[in-house]
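Q: Heads up: the sequence shown is residues 1 to 558, going by the working numbering. Heads up, the beta-carbon is just placed ideally off N, CA and C, and yes, glycines get one too. Dumping the structure here so I can ask a few things about it.
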Amino acid sequence: MNPLRIGNFSGFYGDRFDALREMLTGGELDVLTGDYLAELTMLILARDRLKDPGAGYARTFLRQLEGALGLVQERGVRIVTNAGGLNPAGLAAHLGELVDRLGIPLRVAHVEGDDLTAGHPGALAAHAYLGGFGIAACLRAGADIVVTGRVTDAALATGPAAAHFGWGPGEFDKLAGAVVAGHVLECGTQATGGNYAFFQEGDVRRPGFPLAEIHADGGSVITKHPGTGGFVDIGTVTAQLLYETGGARYAGPDVTARLDSVRLRQDGPDRVRIEGVKGEAPPPTLKVGLNRLGGFRNEVVFVLTGLGIEAKADLVKEQLAAEMAKSPPHEVRWDLVRTDRPDAGTEETASALLRLVVRDPDQKVVGRALSGAAIELALASYPGFHVLAPPGKGDPYGIFEDTYVPQEEVPHTAVLPDGRPVRVPPPPETRPLAEAPPAGLPAPLEHGATRRAPLGLVAGARSGDKGGNANVGVWARTDEAWRWLAHELTVDRFRELIPESRELPVTRHPLPGLRALNFVVTGILGAGVASRHRFDPQAKALGEWLRSRHLDIPEALL
Numbered sequence: 001m002n003p004l005r006i007g008n009f010s011g012f013y014g015d016r017f018d019a020l021r022e023m024l025t026g027g028e029l030d031v032l033t034g035d036y037l038a039e040l041t042m043l044i045l046a047r048d049r050l051k052d053p054g055a056g057y058a059r060t061f062l063r064q065l066e067g068a069l070g071l072v073q074e075r076g077v078r079i080v081t082n083a084g085g086l087n088p089a090g091l092a093a094h095l096g097e098l099v100d101r102l103g104i105p106l107r108v109a110h111v112e113g114d115d116l117t118a119g120h121p122g123a124l125a126a127h128a129y130l131g132g133f134g135i136a137a138c139l140r141a142g143a144d145i146v147v148t149g150r151v152t153d154a155a156l157a158t159g160p161a162a163a164h165f166g167w168g169p170g171e172f173d174k175l176a177g178a179v180v181a182g183h184v185l186e187c188g189t190q191a192t193g194g195n196y197a198f199f200q201e202g203d204v205r206r207p208g209f210p211l212a213e214i215h216a217d218g219g220s221v222i223t224k225h226p227g228t229g230g231f232v233d234i235g236t237v238t239a240q241l242l243y244e245t246g247g248a249r250y251a252g253p254d255v256t257a258r259l260d261s262v263r264l265r266q267d268g269p270d271r272v273r274i275e276g277v278k279g280e281a282p283p284p285t286l287k288v289g290l291n292r293l294g295g296f297r298n299e300v301v302f303v304l305t306g307l308g309i310e311a312k313a314d315l316v317k318e319q320l321a322a323e324m325a326k327s328p329p330h331e332v333r334w335d336l337v338r339t340d341r342p343d344a345g346t347e348e349t350a351s352a353l354l355r356l357v358v359r360d361p362d363q364k365v366v367g368r369a370l371s372g373a374a375i376e377l378a379l380a381s382y383p384g385f386h387v388l389a390p391p392g393k394g395d396p397y398g399i400f401e402d403t404y405v406p407q408e409e410v411p412h413t414a415v416l417p418d419g420r421p422v423r424v425p426p427p428p429e430t431r432p433l434a435e436a437p438p439a440g441l442p443a444p445l446e447h448g449a450t451r452r453a454p455l456g457l458v459a460g461a462r463s464g465d466k467g468g469n470a471n472v473g474v475w476a477r478t479d480e481a482w483r484w485l486a487h488e489l490t491v492d493r494f495r496e497l498i499p500e501s502r503e504l505p506v507t508r509h510p511l512p513g514l515r516a517l518n519f520v521v522t523g524i525l526g527a528g529v530a531s532r533h534r535f536d537p538q539a540k541a542l543g544e545w546l547r548s549r550h551l552d553i554p555e556a557l558l
């Protein structure tokens with residue numbers, strides 16, 4: 001049987017608008033997937049729904065598809081997307097109206113049952129992460145476009161693969177292979193050189209979107225359309241495999257994929273073959289993402305220029321502390337960012353930034369009273385006083401939490417093109433999730449001369465967020481570098497290099513097949529991205545910071 005060619009045209013809500021058309025016209029495809037949902041996106045859509053009960057889906061998808069429906073029909077490509085967000089039925093209805101208006105006979109189906117908000121008082125949105133078999137049911141019933149709500153990102157690939165090859169719920173190795181391919185595809189151009197540690201090795205000014213050729217045994221090849229920008233090699237695929245993952249067992253609703261079984265092989269220019277993926281029965285529970293409002297947040301950034309930076313910072317802190325004492329915010333955080341340099345050639349490079357962030361359940365406490373107090377210092381504080389922007393009245397911020405419910409309690413439902421709802425049963429076999437056995441490490445590199453140098457000269461990294469936790473995947477590019485990295489970059493060394501992590505739980509997961517270490521730092525992001533706890537709230541650049549830190553590296557590797 002020929003492989004199933006699944007492409008991606010969106011990695012987040014706001015991705016390249018023209019990508020859908022580019023993928024349809026760039027080469028052969030069977031299925032196009034669009035991933036629009038993230039933890040923060042669900043909160044944004046929930047707030048949209050508060051204003052308009054008919055909202056809650058990714059509006060841009062409708063506009064993208066309107067200009068490409070004729071191509072979808074002409075090319076015979078099926079579209080699978082989670083753009084339905086909090087309202088997949090609403091988006092499906094709008095798509096039906098669009099199809100009728102344009103006179104293009106495409107059949108629309110959708111997947112629902114993920115919305116558990118009614119059972120979680122106080123949550124703006126509570127949605128279970130569904131698997132791919134609802135999507136498969138819609139495709140088997142003849143749907144040309146399938147809209148879902150909150151499914152796992154990889155389900156956008158496992159559903160079409162299960163439908164195409166006739167896989168059942170117990171074919172764990174095959175499903176796991178599709179999960180791994182889907183995880184590589186889900187973030188779009190991150191698999192083709194975007195956000196890549198070694199981006200200078202190719203032309204990534206406009207990387208093309210990726211596609212996977214999935215085979216009947218679950219193996220796949222990651223590639224892209226001919227002539228598109230970017231590049232696909234073992235490094236770009238490794239980086240994406242490490243993105244927002246944890247240990248060797250990568251759990252999902254349909255299967256637990258063993259990341260320690262993955263093997264990558266360059267299969268020609270811009271082609272990487274994924275082989276050997278093993279799967280196990282999925283956990284008996286489904287993850288449920290909860291989004292709720294945490295209170296109100298305000299921020300002021302003071303610019304400190306020239307001499308006496310520390311003294312200037314101390315002065316404004318003392319002045320505002322006296323004002324805040326009248327009605328103390330629940331949380332106050334000061335950060336002094338030393339972007340200044342001595343004898344600077346521009347005023348900007350002579351300046352540091354002092355950032356004040358306050359949070360409180362009461363908007364008045366962090367609102368005009370505080371911002372007014374900050375601005376009233378304009379003529380009565382340190383020399384050169386100014387701020388980056390006038391402070392506002394205080395904005396609401398969100399908190400993300402996750403919980404778990406038994407799979408059988410979630411009404412996973414496929415609504416077929418003829419409108420019939422079909423219940424998707426939970427998996428017949430499950431297995432509680434547990435840590436994988438410790439991975440065997442290679443023999444340490446022989447001792448020799450070393451040089452103090454950045455880690456990034458010999459290792460790549462990619463980092464991301466899962467709720468309040470961050471993961472940092474670090475991989476070596478050669479077997480010799482892996483022998484050094486596996487023994488050098490311990491949890492203690494990681495904490496030394498990333499001081500923020502020193503008081504937090506840090507777990508290290510070796511993945512020798514990828515020559516990689518995956519670190520999970522628990523709690524570094526506070527209550528998740530929507531709470532904007534730190535300077536880089538999604539830990540997108542945490543890996544690049546780690547790569548910039550200096551260690552004693554064997555000269556043989558440099």
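#1: Is the beta carbon of Asp173 closer than 8 Å to that of Gly279?
#2: With C-beta atoms as the reference, is Ile234 less than 8 Å away from Ala181?
#3: Note down the Cα distance separating Leu286 from Leu388, rounded to an integer number of angstroms.
#4: Can you tell me whether Gly345 is buried or exposed, with buried defined as 16 or more other CB within 10 angstroms of its CB?
#5: Which residue spans inside the segment 150-223 form an unbroken alpha helix (DSSP H) run of at least 4?
#6: Return helix, strand or coil for Ser463, following the three-state DSSP convention.
#7: Would you identify the three-state DSSP class for Gln73, choosing helix, strand or coil?
#8: Hey, Ala599 and Thr117: beta-carbon distance below 8 Å or not?
#9: In angstroms, rounded to a whole number, what distance separates the CA positions of Lys466 and Gly528?
#10: Three or more C-beta pairs closer than 8 Å, one from the segment 191-208 and one from the segment 449-461: is that the case here?
#11: Let's test the definition: count the other Cβ atoms within 10 Å of the Cβ of Tyr243 and tell me whether it reaches 16, buried, or not, exposed.
#12: Here's the rule I'm using: 16 or more other beta-carbon atoms within 10 Å means buried, otherwise exposed. How should Lys224 be labelled?
#13: With distances taken between CB atoms, is the gap from Asn8 to Thr245 smaller than 8 Å?
#14: Select from Gly398, Glu39, Gly473 the residue whose C-alpha is nearest the C-alpha of Leu150.
#15: Helix, strand or coil for Gly132, going by three-state DSSP, please let me know.
#16: What are the residues that DSSP puts in a beta bridge with Asp552?
#17: What residues are listed by DSSP as bridge partners for Ser351?
#18: Could you give the DSSP three-state label for Leu485: helix, strand or coil?
#19: Nearest by alpha-carbon distance to Glu446: which of Arg297, His487, Val111 is it?
#20: For the alpha helix (DSSP H) containing Asp395, list its first residue and its last residue.
#21: To the nearest angstrom, report how far apart His330 and Asp360 are at their CA atoms.
#22: Please find out if some non-hydrogen atom of the ligand HEM comes closer than 7 Å to the beta-carbon of Gly268.
#23: By the 10 Å Cβ neighbour count, where 16 or more other Cβ atoms means buried, how is Asn291 classified, buried or exposed?
#24: Since Ser497 and Ile524 should fall inside the 8 Å C-beta cutoff, what is the C-beta to C-beta distance between them, to a whole number of angstroms?
#25: Run the CB neighbour count on Leu562, radius 10 Å, all protein chains shown included, and call it buried at 16 or more, exposed below.
A: Looking at the coordinates:
#1: By 1-based counting over the sequence shown, the position of residue 279 is 279. By 1-based counting over the sequence shown, the position of residue 173 is 173. It is a contact, given that the beta carbons lie within the stated cut-off.
#2: Within the sequence shown, numbered from 1, the residue matching residue 234 stands at position 234. Within the sequence shown, numbered from 1, the residue matching residue 181 stands at position 181. Result no, Cβ atoms of Ile234 and Ala181 do not sit closer than 8 Å.
#3: Reading the sequence shown from its first residue, position 286 is the one you call residue 286. Reading the sequence shown from its first residue, position 388 is the one you call residue 388. C-alpha of Leu286 to C-alpha of Leu388: approximately 44 Å in a straight line.
#4: Taking the first residue of the sequence shown as 1, we reach residue 345 at position 345. Only exposed fits Gly345, as fewer than 16 other CB atoms lie within 10 angstroms of its CB.
#5: Runs of the alpha helix (DSSP H) inside the segment 150-223: 155-165, 172-185.
#6: Residue numbering aside, residue 463 sits at position 463 when the sequence shown is read from its first letter. In the three-state DSSP reduction, Ser463 falls in the strand class (E or B).
#7: Here residue 73 is taken as the residue at index 73 of the sequence shown, counted from 1. Helix at Gln73.
#8: In the structure as shown, the chain starts at 1 and stops at 558, and residue 599 therefore has no counterpart that could be examined.
#9: Residue 466 sits at position 466 when you count from the first residue of the sequence shown. Residue 528 sits at position 528 when you count from the first residue of the sequence shown. In this model, Lys466 and Gly528 are separated by some 8 Å (Cα to Cα).
#10: In short, these stretches touch, since the Cβ pair count reaches three.
#11: For the purposes of this step, residue 243 is identified with residue 243 of the sequence shown, where counting begins at 1. In this structure Tyr243 is buried. Its beta-carbon is surrounded by 16 or more other beta-carbon atoms within 10 angstroms.
#12: As a working mapping, residue 224 is identified with position 224 in the sequence shown. With at least 16 other beta carbons inside 10 angstroms of its own, Lys224 counts as buried.
#13: Here residue 8 refers to the residue found at position 8 when the sequence shown is read from its first residue. Here residue 245 refers to the residue found at position 245 when the sequence shown is read from its first residue. Cβ atoms of Asn8 and Thr245: not closer than 8 Å.
#14: Position 150 of the sequence shown, counted from the first residue, corresponds to residue 150. Correcting the residue identity first, residue 150 is Arg in this sequence and not Leu. For Arg150, the nearest C-alpha among the options comes from Glu39.
#15: Stepping through the sequence shown from its first residue, residue 132 is reached at position 132. Gly132 carries a coil assignment under DSSP once its states are collapsed to helix, strand and coil.
#16: Here the question's residue 552 lines up with position 552 in the sequence shown. Residue pairing of Asp552 in beta bridges, as defined by DSSP: Arg452.
#17: By one-based count along the sequence shown, residue 351 stands at place 351. According to the DSSP secondary-structure assignment, Ser351 is paired through a beta bridge with Thr305.
#18: Counted from its first residue, the sequence shown places residue 485 at position 485. In the displayed model, Leu485 falls within a helix according to three-state DSSP.
#19: Indexing the sequence shown from 1 puts residue 446 at position 446. Comparing C-alpha distances from Glu446 to each of Arg297, His487, Val111 shows the shortest one belongs to His487.
#20: Along the sequence shown, one-based indexing puts residue 395 at 395. Annotation for Asp395: no alpha helix (DSSP H) segment contains it, though the beta strand (DSSP E) segment containing it runs 395-406.
#21: For this step, residue 330 is matched to residue 330 along the sequence shown. For this step, residue 360 is matched to residue 360 along the sequence shown. Each residue's alpha carbon lies about 5 Å from the other.
#22: With respect to small molecules bound, the structure shown includes none, and the ligand HEM cannot be examined in it.
#23: Position 291 of the sequence shown holds residue 291. Buried.
#24: As a position in the sequence shown, residue 497 is number 497, starting the count at 1. As a position in the sequence shown, residue 524 is number 524, starting the count at 1. Sequence check: residue 497 is Leu here, not Ser. That belief does not hold up - the Cβ atoms of Leu497 and Ile524 are roughly 14 Å apart, past 8 Å.
#25: Residue 562 is absent from the structure shown; the chain starts at 1 and stops at 558.
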